[in-house]
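S.K.: Please see the structure below; I have some questions.
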Amino acid sequence: MRSKISLEKRNLPSTTSSFPSSIISSPAGKREMGVMVSLSHDVPATAEGDFFLCSTVGSLPWKTVLHKLLQHESVPQERFSTDCSRLQKQFGFDYQTLVDGEVILHLYNRGGIEQTASMLDGVFAFILLDTANRKVFLARDTYGVRPLFKVLTDDGFLGVCSEAKGLINLKHSTSLCSKVEPFLPGHYEVLDLKPSGKVASVELVKFHSCKDEPLHVACDTVEALPSGFDIDTVKSNIRILFENAVRKRLMAHRRIGCLLSGGLDSSLVAAVLLKLMKEININYPLQTFAIGMENSPDLLAARKVAAHIGSEHHEVILNTEEGIQAIEEVIFSLETYDITTIRASIGMYLVSKYIRKKTDSVVIFSGEGSDELTQGYIYFHKAPSPEEGAEESERLLKELYLFDVLRADRTTAAHGLELRVPFLDHRFTSYYLSLPAELRIPKNGIEKYLLRLSFEDSNLLPKEILWRPKEAFSDGIASVKKSWFSILQDYIDQQVDDLLLEKAAEKYPFNPPKTKESYYYRQIFEKHYPGRSSWLPHYWMPRWVKATDPSARTLKHYKSATQE
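Okay, here's the thing in structure tokens:
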């Protein structure tokens with residue numbers, strides 16, 4: 001018995017492909033063709049073998065050989081043909097489509113699932129069905145930039161979706177599938193397809209850790225870097241690798257834009273992006289986007305950056321009522337009840353909504369990942385030692401898919417935008433994490449000191465932006481006088497009764513809410529995703545400090561750029 005892949009709830013062509021009734025692949029939300037592609041029609045069912053790609057979510061930039069994998073429908077045919085010829089010559093790949101995911105089929109045919117996952121340089125989540133060997137494979141990129149959820153029942157029914165909401169109402173054997181869980185980043189899973197049609201998990205394998213130099217480095221356009229840890233060599237290598245990370249993600253015929261908060265990370269991305277766009281003669285101006293309340297720190301800083309680099313700058317003014325009204329939509333999109341993630345997501349959700357409605361930019365660059373990689377959070381000043389700071393950095397990177405990357409992907413994808421995050425380039429992150437721990441710590445009271453120092457002589461940014469203190473996104477969009485989290489708390493205080501909070505631990509024994517704000521978010525989450533609180537293993541909170549709130553403004557080292 002056979003059934004079809006479900007493609008409901010997305011703006012996708014109606015192309016489907018038959019595969020076993022015990023497996024369902026169900027994309028959810030608003031991930032359009034630039035982000036989610038079904039290959040069952042465009043890619044031959046067999047590529048030198050009896051296997052096919054059921055669906056893939058992601059973008060796989062290629063520069064040479066496997067390193068420059070084609071963006072979804074994003075490259076002129078003549079340029080694509082040149083790259084295909086190179087792949088065909090070196091590896092014998094015979095490209096038949098204009099879909100980047102086809103390379104997954106060729107890689108699997110040549111070297112199996114581990115080589116396939118390890119050689120992909122980009123962000124991805126895919127499902128591969130090998131009918132000859134009766135295997136099903138799932139895989140997700142190192143940092144989980146692209147989402148993937150699965151459910152596997154005790155009687156062998158497998159459901160896979162890019163968002164959990166596509167699985168929670170899925171019925172099997174007259175009952176709902178209860179064990180919906182996120183697929184771990186940096187892993188692939190091998191599953192057997194039994195003769196009965198049932199599916200059984202064989203093994204879950206970690207194919208890449210954030211510290212490991214990726215296998216595809218051998219195919220990179222940046223070959224051997226100078227060795228050694230003298231500061232000039234390190235600064236040069238950081239600049240080279242970061243510029244390379246942005247360059248790899250430039251391929252797109254749809255318009256490129258960039259989120260610009262005026263902080264170090266988004267400003268560096270925007271500056272390097274515009275520089276490279278000029279070098280390759282992209283014939284339209286870079287659109288940059290900032291959101292905040294009137295004269296908020298982020299808006300003021302973003303204006304300076306936009307004027308310095310010469311972007312076509314857009315400002316979205318956030319008002320309190322609009323932000324509060326968006327809370328439920330945001331929680332529904334995020335599938336989380338984490339406090340700081342929701343706070344920061346409101347602004348990003350609304351600016352993404354503006355981009356979709358008011359501009360023609362679709363491919364959106366952003367600075368996610370830098371805070372975790374370069375020890376950018378203010379609490380890193382309190383790290384007991386460089387080694388513990390390095391360990392915390394790695395922990396945060398491993399949990400990105402639960403917090404900042406979750407925020408960035410879901411808020412942009414909810415409006416049909418494609419997110420690109422160069423700070424999470426595999427080559428860049430593995431190099432940065434290979435540096436001695438003492439080089440990566442905050443210095444002279446300044447977080448991300450090494451990253452700032454590396455670009456000090458580049459003239460990419462004004463000095464006051466390059467050395468601007470850390471401003472959390474949910475704090476920087478608010479006024480200096482009153483923080484965004486204070487505005488939210490004032491509103492929510494009127495919505496949640498004291499008695500409800502007193503009994504919160506009884507009602508929600510897992511991750512019980514400690515504040516009215518947390519209780520309010522949890523209520524909304526449970527309304528849409530009842531009994532799914534385990535999706536969030538713990539709340540995001542700073543370490544090494546006595547903090548009851550995740551906001552940077554509650555920490556001793558916090559200092560807004562407008563308060564200097």
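The sequence shown maps to residues 1 to 564 in the UniProt record's numbering. We treat Cβ as the ideally placed atom computed from N, Cα and C, and that holds for glycine.
#1: If we ignore side chains and look at the alpha-carbon of each, how far apart do Val545 and Ala505 end up?
#2: Given this structure, state the Cα-to-Cα distance separating Leu286 from Pro509, to the nearest angstrom.
#3: Considering only the beta carbon of each residue, do Lys211 and Glu394 sit closer than 8 angstroms?
#4: Among Glu418, Ala301, Ser266, Gly92, which has the Cα closest to the Cα of Lys353?
#5: Using a Cβ-Cβ distance cut-off of 8 angstroms, determine whether Val272 contacts chain B.
#6: Using a threshold of 8 angstroms, state whether the C-beta atoms of Pro530 and Trp540 are closer than that.
#7: With DSSP collapsed to three states, give me the class of Ser361.
#8: For the alpha helix (DSSP H) containing Thr116, list its first residue and its last residue.
#9: Does the segment 258 to 267 touch the segment 231 to 246, meaning 3 or more C-beta pairs lie closer than 8 angstroms?
#10: I'd like the span of the alpha helix (DSSP H) that includes Glu418, first residue to last.
#11: Drop a sphere of 10 angstroms on the beta-carbon of Tyr520, count the other beta-carbons inside from all chains shown, and report buried for 16 or more, exposed for fewer.
#12: Out of curiosity, what's the CA-to-CA distance linking Met251 and Glu392?
#13: Could you tell me the boundaries of the alpha helix (DSSP H) in which Lys527 lies?
#14: Return the CA-CA distance between Gly156 and Arg110, expressed in angstroms with no decimal places.
#15: To the nearest angstrom, how far is it from the Cα of Ile220 to the Cα of Tyr108?
#16: With contact counted as at least three CB pairs below 8 angstroms, one residue from each stretch, are the segment 447 to 465 and the segment 292 to 312 in contact?
#17: Any idea if Lys194 is buried or exposed, counting beta-carbon neighbours within 10 angstroms, 16 or more meaning buried?
#18: Are there three or more Cβ pairs, one per stretch, closer than 8 angstroms when the segment 321 to 332 is compared with the segment 340 to 352?
#19: Rounded to whole angstroms, what's the CA-CA distance from Ile291 to Leu300? Just pull it up for me.
#20: Just to confirm, are Leu334 and Thr341 a CB contact at a threshold of 8 angstroms?
#21: What number of angstroms, rounded off, separates the C-alpha of Asp371 from the C-alpha of Glu399?
#22: For the structure I just gave you, are there three or more beta carbon pairs, one from the segment 487 to 496 and one from the segment 510 to 519, closer than 8 angstroms?
#23: Buried or exposed: Tyr284, going by 16 or more other Cβ atoms within 10 Å of its Cβ?
#24: Quick one: what's got a C-beta closer than 7 angstroms to His426's C-beta in the same chain, skipping five residues either side?
#25: Let me check one thing: in DSSP terms, what residues is Gln287 bridge-paired to?
#26: If you measure between the beta carbons of Pro384 and Ala437, is that distance less than 8 angstroms?
#27: Below 8 angstroms on the Cβ atoms is my guess for His538 versus Asn511; work out the distance and round it to an integer in Å.
#28: Check the DSSP bridge columns for Asp192 and list the partner residues they point to.
#29: What's the call for Gly112, buried or exposed, on a 16-neighbour Cβ count within 10 Å?
#30: Quick check on His538: does DSSP put it in helix, strand or coil?
#31: What three-state label does DSSP hand Leu299 in the structure shown?
#32: Determine the direct distance from the alpha carbon of Tyr432 to that of Ser14, and round the result to whole angstroms.
#33: Taking the straight line between their C-alpha atoms, what separation do you get for Asp265 and Phe455?
#34: Decide if Ala200 is buried, meaning its Cβ has at least 16 other Cβ atoms within 10 Å, or exposed.
#35: Check whether the Cβ atoms of Val180 and Ile168 sit closer than 8 angstroms, and answer yes or no.
M.R.: Answer, in terms of the structure:
#1: Residue mapping note: residue 545 aligns to position 545 of the sequence shown, counting from 1. Residue mapping note: residue 505 aligns to position 505 of the sequence shown, counting from 1. Going by the C-alpha atoms only, they are around 24 angstroms apart.
#2: Position 286 of the sequence shown, counted from the first residue, corresponds to residue 286. Position 509 of the sequence shown, counted from the first residue, corresponds to residue 509. Each residue's Cα considered, the two are about 48 angstroms apart.
#3: Here residue 211 is taken as the residue at index 211 of the sequence shown, counted from 1. Here residue 394 is taken as the residue at index 394 of the sequence shown, counted from 1. The answer is yes: Cβ separation under 8 angstroms.
#4: For the purposes of this step, residue 353 is taken as the residue at position 353 of the sequence shown. Out of Glu418, Ala301, Ser266, Gly92, Glu418 has the C-alpha closest to the C-alpha of Lys353.
#5: The structure shown has no chain B; it contains just one protein chain.
#6: By 1-based counting over the sequence shown, the position of residue 530 is 530. By 1-based counting over the sequence shown, the position of residue 540 is 540. No, Cβ-Cβ distance for Pro530 and Trp540 is not below 8 angstroms.
#7: Numbered from its first residue, the sequence shown carries residue 361 at position 361. Strand, per DSSP.
#8: Here residue 116 refers to the residue found at position 116 when the sequence shown is read from its first residue. Here the alpha helix (DSSP H) through Thr116 covers 102 to 119.
#9: no
#10: The residue given as residue 418 occupies position 418 in the sequence shown. Counting along the chain, Glu418 falls outside any alpha helix (DSSP H), though it belongs to the beta strand (DSSP E) covering 418 to 420.
#11: Translated into positions along the sequence shown, residue 520 becomes position 520. Per the 10 Å Cβ criterion, buried.
#12: Along the sequence shown, read from residue 1 onward, the residue named residue 251 stands at position 251. Along the sequence shown, read from residue 1 onward, the residue named residue 392 stands at position 392. Cα to Cα, the separation comes out at about 34 angstroms.
#13: As a first step, residue 527 must be located in the sequence shown, where it is residue number 527. 516 to 528 is the extent of the alpha helix (DSSP H) around Lys527.
#14: Counting from one through the sequence shown, the residue named residue 156 turns up at place 156. Counting from one through the sequence shown, the residue named residue 110 turns up at place 110. When rounded, the distance between both Cα atoms is 29 angstroms.
#15: Working through the sequence shown from its first residue, we reach residue 220 at position 220. Working through the sequence shown from its first residue, we reach residue 108 at position 108. At residue 220 the sequence reads Asp, which differs from the Ile that was named. Each residue's Cα considered, the two are about 20 angstroms apart.
#16: yes
#17: Residue 194 sits at position 194 when you count from the first residue of the sequence shown. Lys194 comes out exposed.
#18: yes
#19: As a working note, residue 291 is residue 291 in the sequence shown. As a working note, residue 300 is residue 300 in the sequence shown. Each residue's alpha carbon lies about 10 angstroms from the other.
#20: By one-based count along the sequence shown, residue 334 stands at place 334. By one-based count along the sequence shown, residue 341 stands at place 341. Result yes, Cβ atoms of Leu334 and Thr341 sit closer than 8 angstroms.
#21: Residue mapping note: residue 371 aligns to position 371 of the sequence shown, counting from 1. Residue mapping note: residue 399 aligns to position 399 of the sequence shown, counting from 1. Approximately 13 angstroms, taken between the alpha carbons.
#22: yes
#23: Sequence index remark: in the sequence shown, residue 284 carries index 284 (1-based). When all chains shown are included, Tyr284 counts as exposed.
#24: The residue labelled residue 426 in the question sits at position 426 within the sequence shown. The answer, listed in chain order, is Asp121, Thr142, Pro214.
#25: Your numbering for residue 287 matches position 287 in the sequence shown. DSSP, once it has assigned bridges, lists Gly257, Glu312 as partnering Gln287.
#26: Taking the sequence shown and counting its residues from 1, the one referred to as residue 384 is at position 384. Taking the sequence shown and counting its residues from 1, the one referred to as residue 437 is at position 437. For Pro384 and Ala437, no; Cβs fall outside 8 angstroms.
#27: Indexing the sequence shown from 1 puts residue 538 at position 538. Indexing the sequence shown from 1 puts residue 511 at position 511. Their Cβ separation, rounded to whole angstroms, is 7 angstroms, which keeps His538 and Asn511 in contact under 8 angstroms.
#28: The residue given as residue 192 occupies position 192 in the sequence shown. BP columns for Asp192 point to Lys135, Ala200.
#29: Along the sequence shown, read from residue 1 onward, the residue named residue 112 stands at position 112. Exposed, since its Cβ has fewer than 16 Cβ neighbours within 10 Å.
#30: Looking up residue 538 in the sequence shown gives position 538. Correct three-state label for His538: coil.
#31: Residue numbering aside, residue 299 sits at position 299 when the sequence shown is read from its first letter. The answer is helix: DSSP assigns Leu299 an H, G or I state.
#32: Mapped onto the sequence shown, residue 14 falls at position 14. Mapped onto the sequence shown, residue 432 falls at position 432. Because the pLDDT of Ser14 is 30, which lies under 50, any placement of that residue in the model is unreliable, and the number read from its coordinates should be weighed accordingly. Cα to Cα, the separation comes out at about 43 angstroms.
#33: Here the question's residue 265 lines up with position 265 in the sequence shown. Here the question's residue 455 lines up with position 455 in the sequence shown. Rounded to whole angstroms, Asp265 to Phe455 spans 12 angstroms at the Cα level.
#34: Counting from 1 along the sequence shown, the entry for residue 200 is found at position 200. Ala200 should be labelled exposed.
#35: The residue labelled residue 180 in the question sits at position 180 within the sequence shown. The residue labelled residue 168 in the question sits at position 168 within the sequence shown. Closer than 8 angstroms, so yes.
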